[in-house]
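S.K.:
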Amino acid sequence: MTAHTPHTPPFRDAQLPFAKRIDDLLSRLTLDEKIGFLHQFTPAVERLGIAAFRTGQEALHGVAWMGAATVFPQAVGLGATWNTDLVRRVGEAVSKEARAMRARDDRVGLNVWSPTVNLLRHPLWGRGEEGYSEDPRLTSAIATAYTRGLRGDHPTYWRTAPVLKHWLAHNNETGRDVTSSSVRPRVLHEYDLRAFRETVEAGATAGVMPAYNLVNGRPNHVSPYLNEHLRTWTDEELLVCSDAGAPSNLVDSEHYFDTHEEATAAALLAGVDSFTDHGTDSSQITARVRGALDRGLLTESDLDAAVRRQLSVRFRLGEFDPQDDPHALTDDFDTPAHRALAQEAAEQSVVLLKNSAGLLPLAPDTRLAVVGLLADECKLDWYSGTLIHRSTPLEGLYERFGAERVEFAEGVDRVRLKTSTGAFLYVPEAQALDEVRGAEGALDPALLSGRTDLPPLYCDRAGTELALVDWGEGVLTLRAPDGRYLSVAEDGRVRASADQPGGWVVQETFRLEPHGNGHLLRHIGTGRHVSVAADGVRVAEADPEIFELIVVERGEDAVTRVASQADVVLVVAGNDPHINGRETEDRTTLALPAHQERLLRAARAANPDTVLALVSAYPYAVDPAALPAMLWTSHGGQAAGTALARILAGDVSPAGRLPQTWYADDADLPDLLDYDVIGGHQTYLYFEGTPLFPFGHGLSYATFSYADLATRTTDGALHVSFTVTNTGDMAADEVAQLYSRAVDPAVPRPRRELLAHGRVRLEPGERRELTFEVPLAAFDFWDVTRGAWRREPGPYEVLAGASSEDVRLRTTVLLDGEPATPRPVLRHGLAAADFDDQCGVAIVDRTKTSGDAVTAAQGRTGELVYRDCDFAGGVTEVTVTASGDGVVEVSLEGGPVLAALTFRAPEGADRYAYSTLTAEIIAEGVRDVQIGLRGPLRLAHVGFSG
């Protein structure tokens, strides 16, 4: 036994297990101190020598919001590398920089809110840049690699403590805090939970953050899945941190609870441990917790569970053992190794989509025209750090090919804005223009305001020529000749003051609205029109100015001029990560904005040897037919330009692969709120159309052959091997992909499903054998008739190749499993959500704490099908449990209605007031049951007897 002096309490004894130390510390905390632990900003407990603590530090692709840091490619770009070793090293570099930055600024946190493991189900989701892939296994593989890098390798102490975002089924920004994702059990288990589960089970995750949305009618912040699923996947204590403001949403916007005390108690009991609400002000959350305690909604032991989980993270971070913390002296920041890694990651993320006639790589003496709105940009997103180093495509190409061989045209429309008096908007000269947004860091950059130290615009007879860009849907930016964007600060004045568009509410975007013979200029951030006054230009509620737009030069004219003189034209197009697709804003179309389409058409018309490089956070539907070559990269961080130039020059062979399907047209997309990937035929798993570019697609400057596919089955695993040979004339990476397909499934299964992959580097002529051990559980599906995983016995195709569609080798294996059995409806009945097929329904909450029910969407009509129901020798009665008003119709296999049960809710009853009705019905044998829902009732269960 260890003896403790009065000055060394057990929680300070590094020889004791963490669990015992936490027990001791918990016993010393007062109730008020425990309450204080529940807010994001936990105050210090000075009497025990415990420091203040903050949950949450953004670190999605570098340390964010806290000033200068190494900026790596966006998460979707890291996903495009398909390289788990690389992503692990990126996570390691990010966590080391977090430690180094914290040593000089204690605002930098070590509980990092990264990575995002939401699946890229829908390409119009505004936050697609934050995820890794549409495939749960690839997402989990990349997320696991990143968390392992963030955690570090020490068996006891973690370098940082990663929290996965955003639990669960969260792929829409439109109404994100009030919309419900209807997720059937198969989609829940096979798709949405899978990415989280496999990452948590890997053992490098400290917790999760629930998403703003509801799932099956219940807010994620009171989800029973946190305890039913998440916390069963690991023996580690997992810290659940709320998203910002989400606890208040439970009452204020979602109206799920009547009082904040009820909502706070429900969230805590569901498994939320740390409440991120009201910024640094903890008083409202702590008051709500005290109110819940006073009302008997919570007990002190409920608080203990949450405080324990936070303390578990803090102990693992070495806070209580600074002398033993191996990461305490980490000072790796902006090192040569980190810069090289940023470039390597950017290079590995570039995807070559098309390369006909061998236009790429470019010859060394190529005369190049570089055009486009992204050609001289190194864009950052909301979760980026501040750049220390910066490389645009233009700069990279200048460096690689020589400035004398590269001509540039940005393609902006150069305009003047003429007022009704005949004067023009004028941008005055200004000093101190080197300020960069976010350079000093901020705990909440949403609170950063625009600059007011610069003079506002005014009018004169000459005016200033502005660079106008239409980013799509009429959303414009206007830029002064010195590179400053027109912006609006809190005082309402219009200034040329921003280095880039940005901020939680972007203040640099405008819209031209036709008005008479001119235009009004509306500032989108404030919703007000631009007005001209004696003291300068401002936005105001009244007296909007009517402008005449004078086009000095169209962007396509500048593009044509340089394109016609070049050997090859590079058009760099894409998105600004703060405009038309970002957190809080979904995209509305896959189409490239019209302004950029104009530039692309002009370049192609002037020079058929036109290469399109898309630099974007999302897929676009761009017809590649008239283009000899096409590439895609995410916003690649600080080394993006150098990386793209080296790819184009052939210094590096491209080997990025698409982490999501690129669809050819908006018509191929499901509704943004349709989360049924199975019934909606979504993602490469179920999509039956022809994609523009398939999942896993990516070309190389080398060629590769595949051979020698072999399989063998052992207890618990399928072993697969094949060889890949570089048949080209340059060293290159190949991403070999292994898929499976159930040959004759009894229920809808994926067209093909990724089992494993490997990125390998091969010299010319080199041949390598790749081996994969695939757990047989990978072939299982969620059987709704059993409420459990089941592997169907029979043949499965095993496919190896270079993408989900470029299959080079295939074989068939026979796997053992459990044969299907009819639904035992006499014993269990039918849980409403366990349907096989549906039309026009949504899954909703059966109660506020647990269970699912089904309702007709928009309260109209819906159909449910339950296949192979075993009525044995026969039944004579059906029992239906439902709430609300409406009719439940029961039929067999599309036949006539055999029973119709009419429900009438008692006056004043809430939606959870269920009642049970019975009716006569005759059925025997194994039959398909069809349930019709008529009206806004909620169906919970159907039983049979007799």
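Residue numbers for the sequence shown follow the working numbering, so the first one is 223 and each next one is one higher.
We treat Cβ as the ideally placed atom computed from N, Cα and C, and that holds for glycine.
Model, not experiment: these values are computed from the prediction.
Which residues does DSSP pair with M431 in a beta bridge?
M.R.: As a working note, residue 431 is residue 209 in the sequence shown. K387, per the DSSP bridge assignment.
S.K.: Answer with buried or exposed for G594, where buried requires no fewer than 16 other C-beta atoms within 10 angstroms of its C-beta.
M.R.: By one-based count along the sequence shown, residue 594 stands at place 372. Answer is buried; the Cβ neighbour count reaches 16.
S.K.: Can you say whether Q565 is buried or exposed, counting buried as having 16 or more other CB atoms within 10 angstroms of its CB?
M.R.: Numbered from its first residue, the sequence shown carries residue 565 at position 343. The residue in question, Q565, is buried, as its Cβ has 16 or more Cβ neighbours within 10 Å.
S.K.: From S1137 to T481, what does the alpha carbon distance come to, in whole angstroms?
M.R.: Residue numbering aside, residue 1137 sits at position 915 when the sequence shown is read from its first letter. Residue numbering aside, residue 481 sits at position 259 when the sequence shown is read from its first letter. Approximately 27 Å between the Cα atoms of the pair.
S.K.: Hey, out of D1090, A567 and P441, whose CA is closest to V969's CA?
M.R.: The residue labelled residue 969 in the question sits at position 747 within the sequence shown. Of the candidates D1090, A567 and P441, the one whose C-alpha sits nearest the C-alpha of V969 is D1090.
S.K.: Taking Cβ positions, are A365 and V339 nearer each other than 8 Å?
M.R.: Position 143 of the sequence shown holds residue 365. Position 117 of the sequence shown holds residue 339. In contact: A365 and V339 (Cβ atoms closer than 8 Å).
S.K.: Give me the Cα-Cα distance between G374 and D1150, rounded to the nearest whole angstrom.
M.R.: Along the sequence shown, one-based indexing puts residue 374 at 152. Along the sequence shown, one-based indexing puts residue 1150 at 928. Taking the straight line joining both Cα atoms gives about 53 Å.
S.K.: Could you tell me which residues DSSP puts in a beta bridge with G272?
M.R.: For the purposes of this step, residue 272 is taken as residue 50 along the sequence shown, with counting starting at 1. The sequence given here places Ile at residue 272; Gly does not occur at that position. Answer by DSSP bridge pairing, in chain order: V267.
S.K.: Let me make sure I understand the geometry here. Which of S336, Y906 and A631 has the alpha-carbon closest to that of A780?
M.R.: For the purposes of this step, residue 780 is taken as the residue at position 558 of the sequence shown. Considering only alpha carbons, the answer is A631.
S.K.: Looking at C-alpha atoms only, which residue of L460, V794, R530 and G1147 is the closest neighbour of A867?
M.R.: On the sequence shown, position 645 is the one that residue 867 refers to. Checked all of L460, V794, R530 and G1147; the closest Cα to A867 is V794.
S.K.: Leaving aside the five residues before and after T949 along the sequence, list all residues of the same chain whose C-beta is less than 6 Å from its C-beta, in chain order.
M.R.: Within the sequence shown, numbered from 1, the residue matching residue 949 stands at position 727. Within the same chain, T949 has close Cβ partners T925 and S927.
S.K.: Just checking my contact of S355 with L342 at CB under 8 Å: how many whole Å lie between their CB atoms?
M.R.: Walking along the sequence shown from the start, residue 355 turns up at place 133. Walking along the sequence shown from the start, residue 342 turns up at place 120. The pair is a contact, with the Cβ atoms about 6 Å apart (cut-off 8 Å).
S.K.: So, E1129 versus E1099, is the Cβ gap smaller than 8 Å?
M.R.: For the purposes of this step, residue 1129 is identified with residue 907 of the sequence shown, where counting begins at 1. For the purposes of this step, residue 1099 is identified with residue 877 of the sequence shown, where counting begins at 1. Their beta carbons are not under 8 Å apart, which means E1129 does not touch E1099 by this criterion.
S.K.: Could you check whether V759 and R750 sit closer than 8 Å to each other, using their CB atoms as the reference points?
M.R.: In the sequence shown, counting from the first residue as 1, residue 750 sits at position 528. In the sequence shown, counting from the first residue as 1, residue 759 sits at position 537. In this structure, V759 does not lie closer than 8 Å to R750 by Cβ.
S.K.: On a Cα-Cα basis, can you pick out the residue from R1013, Y1018, A1024 and A1053 that is closest to G1039?
M.R.: Mapped onto the sequence shown, residue 1039 falls at position 817. Comparing Cα-Cα distances from G1039 to each of R1013, Y1018, A1024 and A1053, the minimum goes to R1013.
S.K.: What residues in its chain sit with their C-beta under 7 Å from that of E569, if we drop five residues either side in the sequence?
M.R.: Against the sequence shown, residue 569 aligns to sequence position 347. For E569, where only same-chain residues beyond five positions count, the Cβ hits under 7 Å are A865, R868, I869 and V874.
S.K.: Would you give the residue range spanned by the beta strand (DSSP E) that S504 belongs to?
M.R.: By one-based count along the sequence shown, residue 504 stands at place 282. Unbroken run through S504: none, as it is neither H nor E.
S.K.: If we call anything under 8 Å between Cβ atoms a contact, is L472 one with D524?
M.R.: To locate residue 472, count along the sequence shown from 1; it is residue 250. To locate residue 524, count along the sequence shown from 1; it is residue 302. Cβ distance not < 8 Å, so L472 and D524 don't count as in contact.
S.K.: Rank L998, P972 and A953 by C-alpha distance to the C-alpha of D937 and give the top, closest one.
M.R.: Locating residue 937 in the sequence shown gives position 715, where the first residue counts as 1. Of L998, P972 and A953, the residue nearest in Cα terms is L998.
S.K.: F623 to T588, Cα distance in whole Å?
M.R.: As a first step, residue 623 is located in the sequence shown; it is residue number 401 there, counting from the start. As a first step, residue 588 is located in the sequence shown; it is residue number 366 there, counting from the start. Going by the C-alpha atoms only, they are around 8 Å apart.
S.K.: If you follow the alpha helix (DSSP H) that M323 is in, where does it begin and where does it stop?
M.R.: Indexing the sequence shown from 1 puts residue 323 at position 101. Unbroken alpha helix (DSSP H) run through M323: T306 to R326.
S.K.: Is L894 near H344, with beta carbons less than 8 Å apart?
M.R.: As a first step, residue 894 is located in the sequence shown; it is residue number 672 there, counting from the start. As a first step, residue 344 is located in the sequence shown; it is residue number 122 there, counting from the start. Yes.
S.K.: Which term fits H919, buried or exposed, when burial requires 16 or more other beta carbons within 10 angstroms of its beta carbon?
M.R.: Within the sequence shown, residue 919 is the residue found at index 697, counting from 1. By the neighbour-count rule (16 or more Cβ atoms within 10 Å), H919 is buried.
S.K.: So, at 7 Å on beta carbons, what are the nonlocal neighbours of V170 in its own chain, with the 5 sequence-adjacent residues on each side left out?
M.R.: Residue coverage of the chain in this structure runs from 223 to 1168, which leaves residue 170 outside it and unanswerable.
S.K.: Please check the pair L976 and R359, which I expect to be a contact at CB under 8 Å, by giving their CB distance rounded to whole angstroms.
M.R.: Position 754 of the sequence shown, counted from the first residue, corresponds to residue 976. Position 137 of the sequence shown, counted from the first residue, corresponds to residue 359. Sure, about 5 Å apart at Cβ, within 8 Å.
S.K.: May I have a chain-ordered list of the alpha helix (DSSP H) segments no shorter than 4 residues that lie completely inside the segment 469-540?
M.R.: Complete alpha helix (DSSP H) runs here, min 4: 482-492, 505-516 and 522-538.
S.K.: Straight-line CA distance for W693 to G705?
M.R.: Counting from 1 along the sequence shown, the entry for residue 693 is found at position 471. Counting from 1 along the sequence shown, the entry for residue 705 is found at position 483. So the alpha carbons of these two residues sit roughly 17 Å apart.
S.K.: Applying the 10 Å Cβ sphere with the 16-neighbour rule, what's the burial state of T224?
M.R.: Here residue 224 refers to the residue found at position 2 when the sequence shown is read from its first residue. Because T224 sits at a pLDDT of 48, beneath the cut-off of 50, its placement in the model cannot be relied upon, and the following sentence gives the value as read from the coordinates. Under this definition T224 is an exposed residue.
S.K.: Can the beta-carbon of L792 be found less than 8 Å from the beta-carbon of A756?
M.R.: On the sequence shown, residue 792 is found 570 positions in, with the first residue counted as 1. On the sequence shown, residue 756 is found 534 positions in, with the first residue counted as 1. No, the pair does not count as a contact, with Cβ atoms beyond the cut-off.
S.K.: Return the first residue and the last residue of the alpha helix (DSSP H) that K640 is part of.
M.R.: Your numbering for residue 640 matches position 418 in the sequence shown. First-last for K640: D635 to K640, but that is the beta strand (DSSP E), not the alpha helix (DSSP H).
S.K.: Could you have a look at T224 and say whether DSSP puts it in helix, strand or coil?
M.R.: To locate residue 224, count along the sequence shown from 1; it is residue 2. Unreliable positioning characterises T224 in this predicted model, as indicated by a pLDDT of 48, which lies under 50. The coordinate reading is nonetheless provided below. In this structure, T224 counts as coil in the three-state DSSP scheme.
S.K.: Since L191 contacts V312 with CB under 8 Å, what's their CB separation in whole angstroms?
M.R.: The structure shown does not extend to residue 191, since the chain is modelled only from 223 through 1168, so no value can be given for it.
S.K.: Could you tell me which residues DSSP puts in a beta bridge with A762?
M.R.: Within the sequence shown, the letter at position 540 stands for residue 762. Per DSSP, H751.
S.K.: Mind pulling the beta strand (DSSP E) runs of 3 or more residues that sit fully within the segment 929-1010?
M.R.: If we require 3 residues or more, the beta strand (DSSP E) runs fully inside the segment 929-1010 come out as 939-948, 954-964, 975-984, 989-997 and 1003-1005.
S.K.: Name the one or two DSSP bridge partners that V1076 has.
M.R.: Here the question's residue 1076 lines up with position 854 in the sequence shown. BP columns for V1076 point to I1065 and L1161.
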